[in-house]
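Undergrad:
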Amino acid sequence: MYLCCFCFRLQQPDCPEPSCLSFKSDRSKIDMIEFKGVPPSDNIVTFVKNELKKIQKVLSSDYQECLESQRENEEVLDSEDEEHRKSSREAFLKITLHFLRRMKQEELAGHLQSSKRISRELKSNLKKKFQCVFEGIAKAGNPTVLNQIYTELYNTEGGTAEVNDEHEVRQIETASRKPNRPETTIRQEDIFKPSPGRDKPIRTVMTKGVAGIGKTVLTQKFTLDWAEDKANQDIQFTFPFTFRELNVLKEKKVQLEAGIYRFEEFQVVFIFDGLDECRPPLDFNNTEILTDVTKSTSVHVLLTNLIRGKLLPSARLWITTRPAAANQIPPECVDMMTEVRGFTDPQKKEYFRKRFRDQKQANRIISHIKTSRSVHIMCHIPVFCWITATVLEDVLKTREGGELPKSLTEMFIHFLVVQSKLKNVKYDGGAETDPQWSPETRKMIESLGKLAFEQLQKGNLIFYKSDLTECDIDIGAASVYSGVFTQIFIEERGLYQDKVFCFVHLSVQEFLAALHVHLTFINSGVNLLAEQQSTSQKFETRKDESAETQFYQSAVDKALQSRNGHLDLFLRFLLGLSLQTNHNLLRGLLTQTGSSSQTNQETVQYIKKKISKNLSAERSINLFHCLNELNDHSLVEEIQQYLSSGSLSIDKLSPAQWSALVFILLSSETDLDAFDLKKYSGSEEALLRLLPVVKASNKAL
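Residue numbers (full-length UniProt numbering): 1 to 701.
#1: Quick one: Cα of P692 to Cα of R203, how far?
#2: Label I522 either buried or exposed according to how many other C-beta atoms from any shown protein chain fall within 10 Å of its C-beta, with 16 as the threshold for buried.
#3: With distances taken Cα to Cα, identify the nearest neighbour of D292 among D283, K349 and L302.
#4: I need the boundaries of the alpha helix (DSSP H) containing E157, first residue and last residue.
#5: Would you mind giving the Cβ-Cβ distance between A617 and L635, rounded to the nearest angstrom? I have them listed as a contact below 8 angstroms.
#6: Return helix, strand or coil for W437, following the three-state DSSP convention.
#7: Taking the CB atoms as reference points, tell me whether S645 and S620 lie closer together than 8 angstroms.
#8: Is the beta carbon of L218 sitting closer than 8 angstroms to the one on N155?
#9: What are the boundary residues of the alpha helix (DSSP H) that includes E470?
#10: Thinking C-alpha only, which one of N125, D335 and M337 is nearest F239?
#11: Below 8 angstroms on the Cβ atoms is my contact criterion, and I expect F284 with T304 to pass it. Report the Cβ-Cβ distance as a whole number of Å.
#12: Which whole-angstrom value is the C-beta distance of L408 and S374, which I expect to be below 8 angstroms?
#13: Does the count of Cβ pairs from the region 596-613 and the region 566-579 closer than 8 angstroms reach three?
#14: Could you compute how far the alpha carbon of R355 sits from the alpha carbon of M411?
#15: If you measure between the beta carbons of G588 and P439, is that distance less than 8 angstroms?
#16: Spatial neighbours of residue 702 within its chain, please: CB distance less than 7 angstroms, with the 5 preceding and 5 following residues excluded, ordered by chain position.
#17: With the cut-off set at 8 angstroms, would you say F570 and L451 are in Cβ contact?
#18: Is G568 buried or exposed, if buried means 16 or more other CB atoms sit within 10 Å of its CB?
#19: When the Cα atoms are used, what is the spatial distance from L312 to W226?
#20: Within 10 angstroms of its Cβ, does L246 collect 16 or more other Cβ (buried), or is it exposed?
#21: If you reduce the DSSP assignment to three classes, tell me which class C385 lands in.
#22: What do you reckon, are the CB atoms on I319 and L275 nearer than 8 angstroms?
#23: Let's see if you can read the secondary structure: which residues bound the alpha helix (DSSP H) around I621?
#24: Could you give the distance in angstroms between the alpha-carbon of A478 and the alpha-carbon of Q509?
#25: Anyone know if the C-beta pair for R653 and L665 falls short of 8 angstroms?
#26: Please name the residue or residues paired with C502 in a DSSP beta bridge.
#27: How long is the line joining the alpha carbons of F463 and G197, rounded to whole angstroms?
#28: Give every residue of the same chain whose Cβ lies closer than 6 angstroms to the Cβ of Y606, excluding the five residues on either side of it in the sequence, and list them in chain order.
#29: Sorted by chain position, which residues of the same chain lie with C-beta nearer than 6 angstroms to T549's C-beta, five sequence neighbours on each side aside?
#30: What does T297 pair with, by DSSP beta-bridge criteria?
#31: For the alpha helix (DSSP H) containing R244, name the first residue and the last one.
#32: I'd like to know whether the C-beta atoms of L575 and L630 end up nearer to each other than 8 angstroms.
#33: Grab the span of the alpha helix (DSSP H) containing D345 for me, first residue to last.
#34: Ordered along the chain, which non-local residues of its own chain (more than five positions away) have a Cβ less than 8 angstroms from that of L615?
#35: F270 lies in the alpha helix (DSSP H); which residues open and close that run?
#36: The alpha helix (DSSP H) spanning R279 covers which residue range?
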């Protein structure tokens, strides 16, 4: 194009008259343009080259060959002051526009100026949208500046799109056992940069991670850094979408707007956050091929063909998803897979030290979290760190010197209490000392619990109007709930202001579901889990057992029947809610007295009986967590006593004791870098029993 010639002539020391142009009469205009922050000598040449290449890309569709070299050259200026660099770019743009118009290239000048204006407006809107976040919640409370609280997440390259439909708490626990192995970590600003030795450019990146692990914040930080001119300035336009927003368009015919389909001329990034929330799932086998950007079609056809590369093949795509939905997109459509692992142990400490400025208080909280393995593991999830901080901050303030909650169930009951107190003070005009369970609060919790339980059975985390109607909740009531329980239940709006709802995290939904099942049974005697079972399912109960005992045993059986463990955390909460100490916290919600200590003991014995039946390691480990929620540590303490005294006889261990040994080894705070298998016997049985520990180690001796 003409600009290429223009760029070439600018670099010639003996350029002829046309490139020098007589701008003496316009010298005053040029003199007014001031460059700031541009280094002298050689570096200014680099600056000019980079800016000209960007302008060339705007005016030419044939720019791919200079993309990588420009990235390398940009590194020279990455440390420059952002405001000075921005000022210099604007000045250079004015000079370029001036030259183009003097050369009678009005169309090129208009095209360049228009694209820069649109990009500037887009960046301004994205900055407003993403510079502040509401930690753990949406559109409620006091906003926090993202750049001030952002803690780098552990995001690694690699992994596959294989289906992992295990309960996500299981996946977190498995990841927490892995010792520190050398892995390629990726910062969000480098998500599209090929790793060393990789020649093929990256078009599509898929990032997977469990709910609440930080995928959305990662994409928000990428977008904000681009909008603030801090990173990825080779990209002209960034368009972030969530599948929650796109779902509300599923019945409508849409097309790429005229302004967007012309973006084939630019470097564009589309971000699609939350593939797992796409309803219905994308279908790459039966969706029509579409290459015409002007044709109206459904959102699903549009998305499928964008991902296939049939539409806008030069655009880059970043897709985030929970692991269970990662296989929706064919492997050949994904150039790089990354996995967000959440917070490492040092990052957990960093988070709590940022949250609690009183370092003595921060140290106490960090030490306390380490005493509960369940809580410590869950704190790999940033949202759970926020829940934990919210609870412990309130407990330390209201019960100075008192005991901090240790189990997951205690933590979530306290979280519900904190939110109820907040509702009473903020919305009902009450005092913090007033009873927290008012009739209105009870009704809200009952409705949210029913929604949580029924949607958990279906595997839904996002709820639309039809889902609410099925649970006898009208959309107006749901909006009220989200406005009152702002840190539990969230209302969001799609692209056309259609409302969608969700709980702040999957674990909150599971807790409220367990609370609903528990309250229904205690207050009315109805076992919702028994109603769910089919006629072919037979729970192991005896006629002489109480209804309470049968209730909790049926819950254990139902959870064990789940192929992927989707009721594991639900079961922990349900059993934890049976403790009398937790009933005291819920006094006001319960109209009847809860289970007796005898019922709890019978449940403990039933779980131990199950552990002795050679269950898989994952199921045994979850049952040990259930025993922790019931405050029974006898099996573990028995094995720990054998270990400390040196009298552990491997040959005489029962299946339950083997499971306890595996649980102890996997729950150890020390990384299993090298596991000495010979210490525990070299028999085939020992190898099979200890296989989960061997897998979690770097090497076995």
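Yeah, the Cβ is synthetic: ideal placement off N, Cα and C, and Gly gets one too.
TA: Working from what's here:
#1: 37 angstroms
#2: buried
#3: L302
#4: Looking at the DSSP string, E157 is not in any alpha helix (DSSP H); the run it does join, the beta strand (DSSP E), is N155 to E157.
#5: About 15 angstroms separates the two Cβ atoms, so there is no contact after all.
#6: coil
#7: no
#8: yes
#9: K465 to E470
#10: N125
#11: 6 angstroms
#12: 5 angstroms
#13: yes
#14: 18 angstroms
#15: no
#16: As displayed, the chain neither begins before 1 nor continues past 701, which places residue 702 out of reach and without an answer.
#17: no
#18: Note on residue identity: the sequence assigns Asp, not Gly, to residue 568. By the 10 Å Cβ count, D568 comes out buried.
#19: 21 angstroms
#20: buried
#21: helix
#22: yes
#23: A617 to E629
#24: 15 angstroms
#25: Reading off the sequence shown, one finds Leu at residue 653, where the question assumed Arg. No.
#26: I462 and I490
#27: 44 angstroms
#28: Q553
#29: T599 and E602
#30: V254
#31: F243 to N247
#32: yes
#33: D345 to R355
#34: L560, L623 and S659
#35: Taken as a continuous stretch (DSSP letters only), F270 belongs to no alpha helix (DSSP H), being part of the beta strand (DSSP E) at V268 to D273.
#36: No alpha helix (DSSP H) contains R279, which DSSP labels as neither H nor E.
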